[in-house]
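Chains U and H, in that order, are what the protein sequence lines are.
If you count the first sequence from 1, position 278 lands on 278 in my numbering, and the numbers rise without skipping.
Positions in the second sequence are counted from 1; adding 1000 to them yields my numbering.
Every residue gets a Cβ at the ideal spot worked out from N, C-alpha and C, and that includes glycine.
2 protein chains.
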Amino acid sequence: MIVNNSLDEVKKRESAFRIIKKILEEKGRDSLFDVTGLSGGFIASKKELELLETYVGPAVFEDEIQIVGKEHLGGEKVLPVNRTSAGILATVLALVGEGSHVAHFLADYPGHPSIPRSCALAGASYEEFIDINEFAIPDNTSLVVITGSTMDLQVIDEDLFTQVISRAHEKDIPVLVDDASGARLRTAVFNQKRATDLGADLVVTSTDKLMPGPRGGLMAGRAELIDEIKIKVNQFGLEAQPPLIMAMINGIKAYTPEVLRKSVSRKEEFYGLISKKYEMFEKTPNGIKVQEANLANQLKVLNIETELSEKDCCFLWSMVLLKEEGIITIPAVGMPGASDTIRFDLSTKDVIDMDLDVLQDKIDNSFDVFLDLVQKVEMAEKLIFFDE
Amino acid sequence: MIVNNSLDEVKKRESAFRIIKKILEEKGRDSLFDVTGLSGGFIASKKELELLETYVGPAVFEDEIQIVGKEHLGGEKVLPVNRTSAGILATVLALVGEGSHVAHFLADYPGHPSIPRSCALAGASYEEFIDINEFAIPDNTSLVVITGSTMDLQVIDEDLFTQVISRAHEKDIPVLVDDASGARLRTAVFNQKRATDLGADLVVTSTDKLMPGPRGGLMAGRAELIDEIKIKVNQFGLEAQPPLIMAMINGIKAYTPEVLRKSVSRKEEFYGLISKKYEMFEKTPNGIKVQEANLANQLKVLNIETELSEKDCCFLWSMVLLKEEGIITIPAVGMPGASDTIRFDLSTKDVIDMDLDVLQDKIDNSFDVFLDLVQKVEMAEKLIFFDE
Chain U
1 MIVNNSLDEV
11 KKRESAFRII
21 KKILEEKGRD
31 SLFDVTGLSG
41 GFIASKKELE
51 LLETYVGPAV
61 FEDEIQIVGK
71 EHLGGEKVLP
81 VNRTSAGILA
91 TVLALVGEGS
101 HVAHFLADYP
111 GHPSIPRSCA
121 LAGASYEEFI
131 DINEFAIPDN
141 TSLVVITGST
151 MDLQVIDEDL
161 FTQVISRAHE
171 KDIPVLVDDA
181 SGARLRTAVF
191 NQKRATDLGA
201 DLVVTSTDKL
211 MPGPRGGLMA
221 GRAELIDEIK
231 IKVNQFGLEA
241 QPPLIMAMIN
251 GIKAYTPEVL
261 RKSVSRKEEF
271 YGLISKKYEM
281 FEKTPNGIKV
291 QEANLANQLK
301 VLNIETELSE
311 KDCCFLWSMV
321 LLKEEGIITI
331 PAVGMPGASD
341 TIRFDLSTKD
351 VIDMDLDVLQ
361 DKIDNSFDVF
371 LDLVQKVEMA
381 EKLIFFDE
Chain H
1001 MIVNNSLDEV
1011 KKRESAFRII
1021 KKILEEKGRD
1031 SLFDVTGLSG
1041 GFIASKKELE
1051 LLETYVGPAV
1061 FEDEIQIVGK
1071 EHLGGEKVLP
1081 VNRTSAGILA
1091 TVLALVGEGS
1101 HVAHFLADYP
1111 GHPSIPRSCA
1121 LAGASYEEFI
1131 DINEFAIPDN
1141 TSLVVITGST
1151 MDLQVIDEDL
1161 FTQVISRAHE
1171 KDIPVLVDDA
1181 SGARLRTAVF
1191 NQKRATDLGA
1201 DLVVTSTDKL
1211 MPGPRGGLMA
1221 GRAELIDEIK
1231 IKVNQFGLEA
1241 QPPLIMAMIN
1251 GIKAYTPEVL
1261 RKSVSRKEEF
1271 YGLISKKYEM
1281 FEKTPNGIKV
1291 QEANLANQLK
1301 VLNIETELSE
1311 KDCCFLWSMV
1321 LLKEEGIITI
1331 PAVGMPGASD
1341 TIRFDLSTKD
1351 VIDMDLDVLQ
1361 DKIDNSFDVF
1371 LDLVQKVEMA
1381 EKLIFFDE
């Protein structure tokens, strides 16, 4: 075993940073390809950066996010928050009274944990439903939540979506849609309408998911409800700060449904290509991945023996991908305890326009080097704890 | 009454932003003078901004804030949060159980509203003390809070500070210091020690107060407690995002106690000048202020009658200062529940080098307009809820 504990993982991560720094200095940013899909965007002009002062920036950016945000999400008013979870907390604190109930409909279990956690904080009961025939709204319900697309990107059926909204509105209960990635996945790929156009009173989306914005949340909906939520947001420090709002505006402006649709069709194409050669790949909604066990199995198929653990194999290949090809994946740069699954998100700006044959070449080359190193434990260890 | 509740305060704040935007567009940034003392900054190099785009940036900044933050605040571990209020909420959610008690010692009433609000959310009782002889820590106390310097910048006596900590520690109760501006005011101007050096278990400071950082909060303290708080921070989306962390690092690096001290001597000079004409001004550690009651008294001295409440008078003058002279004070742009004291912080970069006679002219002009409007309720309301 090379990477044995958290301290080793920290060392591995630092080693990945040294390699990234080396590539940045020697070859430049163009030779790095971040496919983690977790980096978040931060598009900013020089003029905008000068405006970023506590009480001047907001005046400009809060105005513009109203226009840009309403175009993206619909609704009467927009509210930028520090994260989708923060927006959900504020909504629950504003609308869900102690002893009331929250009913949540979604395509598949589980809902995002911030929803039941916020309900518990408010002293409200909470129930999740994935079957419309079982969906129940007791009389003490104060809020109905719909998840547009789950954490694993499973999308809700649009008919069920409108049915749930009708049922809630019959009882005059407001509907919040957790449309973290759904605001784009549902509309761009599944041709569904925006949540507010389907009648939702409130919607919240994550500005870093499937769009080039910063980590953050953007709410929209009925002005009267947004105003109530905004009070809680301001009271507890949940609002997005000016630098984030600025980057949200630019992220939304830079987002195009075409790019998202393109990454979905490119994923299919790339999966088709790469599966001819390897058994280890699986699809994700907008890319491909190799899990620990599948990587180990691929080695068996190739009759290659190694003293390395399955986890070490993931770390090693991830470091080879970085050092040889400049491809940044989570096992190389992740915090201790992060997943060791090697994911290639094809919607990130570094690879969205890359020729798929070129990408496959890079993966092939790195995999050949990996197959060699996997049998040379000392050299593998040297790479994982890279120090020039 | 014009501003009656939190919703009105939100609308008033939005109205101030519209005026700021109008001045920016019509006259430019040089015609705005932010004397809130909250006008932090967003210092960023081109290289750092490029790093924000990749997975590398966040990782690098999170490492660096540990080093820079510990130098500024002491403690074993640092935790950057979206706002001081968000850090207080997370601390209360992590450490304060339902049915327990929070005791808060401060130089003068009231404590920041986020503290009692967070306690109410956790189902805990809460009491504030300004007299050490009355300070009580019942047996069910789960947290003791000390405010280093109040919203109106009244600083706690260092002896009382350590007494409160000793009393809490005798009962094994952790102490959180709300050192929003105090972390700098207490140390640079009052020669006090850092909160952690005085024995506090936790401290939180605002990175935009009396330093050129972004709006945000920085916590430090015992690693074991910080880890518990970090869980709540991540669960509810309260953490500072990478662009904020980057600007916090640069803000702390750019902070110099000397600038803060210079503003102290300018304050003495300006107070001497302006007190010849008005009775309402009082000194703050780095500027001057007018409190609600003193503004009302000034009106009486001038024999001017008004139907407006004392609070509305503060909001009105603050809006006139903004609209007529471009002077940004907290009552105009503050969050709901913020102090309605009109403070002129002389250490902000917009006025640190301004001729004091020019500043007095601006204050005189705005006050004349205010004296007129205070007798015309409808026009006053129109200005407070300004909408072209």
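8 Å Cβ cutoff met for residue i and residue j
i, j, result
"GLY1221/H", "GLY1041/H", "no"
"ALA240/U", "GLY216/U", "yes"
"ILE1115/H", "THR1141/H", "no"
"VAL369/U", "VAL320/U", "yes"
"GLU970/H", "ALA1223/H", "The shown model of chain H, from 1001 to 1388, leaves out residue 970/H, and the question about it has no answer."
"LYS1267/H", "ILE1288/H", "yes"
"CYS1314/H", "GLU1292/H", "yes"
"ASN393/U", "LEU346/U", "Not covered by the structure: residue 393/U. The range shown for chain U is 1 to 388."
"VAL1204/H", "ILE1088/H", "yes"
"GLY237/U", "ASN1082/H", "yes"
"ILE445/U", "LEU322/U", "It is not possible to answer for residue 445/U, since the shown part of chain U is limited to 1 through 388."
"SER1339/H", "MET1211/H", "no"
"ILE304/U", "PRO80/U", "no"
"ALA998/H", "VAL1155/H", "This structure gives no information on residue 998/H, because the portion of chain H shown stretches from 1001 to 1388."
"ASP381/U", "ILE2/U", "Contrary to the premise, residue 381/U reads as Glu rather than Asp in this sequence. Yes, the pair counts as a contact, with Cβ atoms nearer than the cut-off."
Distance, residue j Cα to residue i Cα
i, j, result
"SER181/U", "ILE1352/H", "46 Å"
"ARG167/U", "LYS230/U", "27 Å"
"GLY1199/H", "ALA247/U", "40 Å"
"SER1149/H", "LEU1143/H", "19 Å"
"PRO1257/H", "GLY1037/H", "14 Å"
"PRO1336/H", "VAL233/U", "10 Å"
"ASP63/U", "ASP387/U", "49 Å"
"ALA1316/H", "ALA1016/H", "One detail in the question is off: residue 1316/H reads as Leu in this sequence, not Ala. Their Cα atoms are separated by approximately 11 Å."
"THR341/U", "VAL1259/H", "50 Å"
"ASN1005/H", "VAL60/U", "25 Å"
Sheet register partners of residue i (DSSP bridge)
i, result
"HIS169/U", "DSSP output for HIS169/U lists no bridge partner at all."
"TYR1126/H", "VAL1102/H"
"PRO80/U", "LEU218/U"
"THR1147/H", "ASP1178/H"
"LYS362/U", "LYS362/U pairs with nothing; no bridge assigned."
"ASP1034/H", "ILE1328/H"
"ASP108/U", "Paired residue(s): none; ASP108/U is not in a bridge."
"VAL203/U", "VAL177/U, ALA220/U"
"PHE281/U", "VAL290/U"
"ARG1343/H", "LYS1289/H"
"VAL374/U", "None; VAL374/U has no bridge partner."
"GLU48/U", "GLU48/U pairs with nothing; no bridge assigned."
"THR141/U", "HIS101/U"
"VAL155/U", "SER149/U"
Nearest neighbour of residue i, chosen from the options [CA to CA]
i, options, result
"ILE1327/H", "ILE1023/H, VAL1010/H, SER1006/H, MET1001/H", "ILE1023/H"
"SER318/U", "LEU7/U, ASP63/U, LYS12/U", "LYS12/U"
"SER118/U", "HIS104/U, ASP131/U, PHE129/U", "HIS104/U"
"ILE1330/H", "PHE1129/H, VAL1010/H, ILE1002/H", "VAL1010/H"
"GLN1360/H", "ALA1380/H, LYS1277/H, SER1339/H", "LYS1277/H"
"ILE249/U", "PRO214/U, TYR271/U, ILE165/U", "PRO214/U"
"LEU225/U", "LEU202/U, SER206/U, PRO242/U", "LEU202/U"
"ALA122/U", "LYS253/U, ASN4/U, ALA90/U, TYR255/U", "ALA90/U"
C-beta neighbour in chain U for residue i, strict 8 Å
i, result
"GLN1241/H", "yes"
"ILE1020/H", "yes"
"GLY1216/H", "yes"
"GLY1148/H", "no"
Residue-level contact to chain H via CB, residue i, 8 Å cutoff
i, result
"SER318/U", "no"
"PHE236/U", "yes"
"THR84/U", "yes"
"LEU52/U", "yes"
"PHE385/U", "no"
"LEU95/U", "no"
"LEU143/U", "no"
"LEU308/U", "no"
"ASP63/U", "yes"
"ARG222/U", "no"
"ILE304/U", "no"
Distance cut-off 7 Å: residue i Cβ against heavy atoms of the ligand MN
i, result
"ASP227/U", "What this structure holds is no ligand at all, so the ligand MN is not there to describe."
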